[in-house]
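A.B. asks: Its first residue numbered 1004, the sequence shown is counted upward by one per residue in the numbering used here. Don't be surprised by glycine CBs; every beta carbon is placed ideally from N, CA and C.
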Amino acid sequence: MGLVLLLALRVEPAPAQAQEDSSPTPPAPVSTLNIWEKYVKAQMDYRDQIYKTQVRAAPRFKSFLTLMRDWSMANIKRADTRYRFLWDFNPYRLPEANKVEEMGRFPWTENDDKALSLSDPEYKKLLEQLQKLEEKKKGTDLPKTMKQVGAILKEKPYVTEELSAARK
1004 MGLVLLLALR VEPAPAQAQE DSSPTPPAPV STLNIWEKYV KAQMDYRDQI YKTQVRAAPR
1064 FKSFLTLMRD WSMANIKRAD TRYRFLWDFN PYRLPEANKV EEMGRFPWTE NDDKALSLSD
1124 PEYKKLLEQL QKLEEKKKGT DLPKTMKQVG AILKEKPYVT EELSAARK
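1) Is the stretch 1069 to 1089 touching the stretch 1139 to 1152, taking contact as three or more C-beta pairs under 8 Å?
2) Can you name the start and end residues of the alpha helix (DSSP H) that P1160 belongs to?
3) Among residues of its own chain, excluding the 5 on either side of Q1057, which ones have a beta-carbon nearer than 8 Å to its beta-carbon?
4) Could you spell out where the alpha helix (DSSP H) holding A1118 opens and where it closes?
5) Taking its Cβ as the centre, do 16 or more other Cβ atoms sit within 10 Å of A1168, making it buried, or is it exposed?
6) Are the CB atoms of V1103 and Y1042 within a distance shorter than 8 Å?
7) Alpha carbon to alpha carbon, what distance is there between Y1126 and L1133?
8) Taking Cβ positions, are K1080 and L1129 nearer each other than 8 Å?
9) Please report the straight-line C-alpha distance between K1147 and A1061, rounded to a whole angstrom.
10) Please work out which residues of its chain come closer than 8 Å, Cβ to Cβ, to D1123, disregarding the five sequence neighbours upstream and downstream, and give them in chain order.
11) Might you give, ordered along the chain, the residues of its own chain that have their beta carbon closer than 7 Å to the beta carbon of D1144, omitting 5 neighbours on each side?
12) Mapping the DSSP letters down to three states, classify G1153 as helix, strand or coil.
13) Can you give the Cα-Cα distance for L1036 and N1101, rounded to whole angstroms?
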């Protein structure tokens, strides 16, 4: 119910609020949020497909590939949470994007992180998870391992086909 209320406020801002904000960019239309949701889902589905294909091709690197997948998914979730936070509380900061990839390029500050962490305990947990994943990544020889995985993937003809199909 709270989301519906926020969305209603978002779509029809109070006249005083509209006059106070001198930003030249109007709030993004609701359809923009739908596009963003589809973009995030596509990113997560694609990353999951990459993971499955890589593990099938290089099963001995499963723990490393799982770490990389988890790190990528957490970053996608972080971007989604931040976008939705701005959507709800400061939509004027979201860019008018001609391409869906540009939608994720919005300004973000430490103060935004603090405000979001205080208002959303799940976001704080997500940041902690990302920090742990970063530490685990530092414990690997990332360039060497990626090179080894890449060499194995090049040997498997189905890898390129599956990943190309997943992009569509």
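C.D. replies: This is what the structure holds:
1) Per the Cβ contact rule, the stretch 1069 to 1089 is in contact with the stretch 1139 to 1152 (3 or more Cβ pairs under 8 Å).
2) On the sequence shown, residue 1160 is found 157 positions in, with the first residue counted as 1. From DSSP, the alpha helix (DSSP H) with P1160 extends over 1160 to 1170.
3) Locating residue 1057 in the sequence shown gives position 54, counting from the first residue. Cβ neighbours of Q1057 beyond the five flanking positions: F1064, L1068, V1152, L1156, V1162.
4) Walking along the sequence shown from the start, residue 1118 turns up at place 115. Looking at the DSSP string, the run of the alpha helix (DSSP H) that includes A1118 is 1113 to 1122.
5) Taking the sequence shown and counting its residues from 1, one reaches residue 1168 at position 165. Answer is exposed; the Cβ neighbour count stays below 16.
6) On the sequence shown, residue 1042 is found 39 positions in, with the first residue counted as 1. On the sequence shown, residue 1103 is found 100 positions in, with the first residue counted as 1. Yes; because the gap between Cβ atoms is below 8 Å, this pair is in contact.
7) On the sequence shown, position 130 is the one that residue 1133 refers to. On the sequence shown, position 123 is the one that residue 1126 refers to. Looking at the two C-alpha atoms, the distance is approximately 10 Å.
8) Residue numbering aside, residue 1080 sits at position 77 when the sequence shown is read from its first letter. Residue numbering aside, residue 1129 sits at position 126 when the sequence shown is read from its first letter. Yes, these two residues count as a Cβ contact at 8 Å.
9) Here residue 1147 refers to the residue found at position 144 when the sequence shown is read from its first residue. Here residue 1061 refers to the residue found at position 58 when the sequence shown is read from its first residue. Their Cα atoms are separated by approximately 15 Å.
10) One-based indexing of the sequence shown puts residue 1123 at position 120. The beta carbon of D1123 sits closer than 8 Å to the beta carbons of T1084, F1088 from its chain, once the five residues preceding and following it are set aside; these are given in chain order.
11) Within the sequence shown, the letter at position 141 stands for residue 1144. Within the same chain, no Cβ atom closer than 7 Å to the Cβ of D1144 is found once the five residues on either side in sequence are excluded.
12) Mapped onto the sequence shown, residue 1153 falls at position 150. It is helical.
13) As a working mapping, residue 1036 is identified with position 33 in the sequence shown. As a working mapping, residue 1101 is identified with position 98 in the sequence shown. Pairing L1036 with N1101, the inter-Cα distance amounts to about 14 Å.
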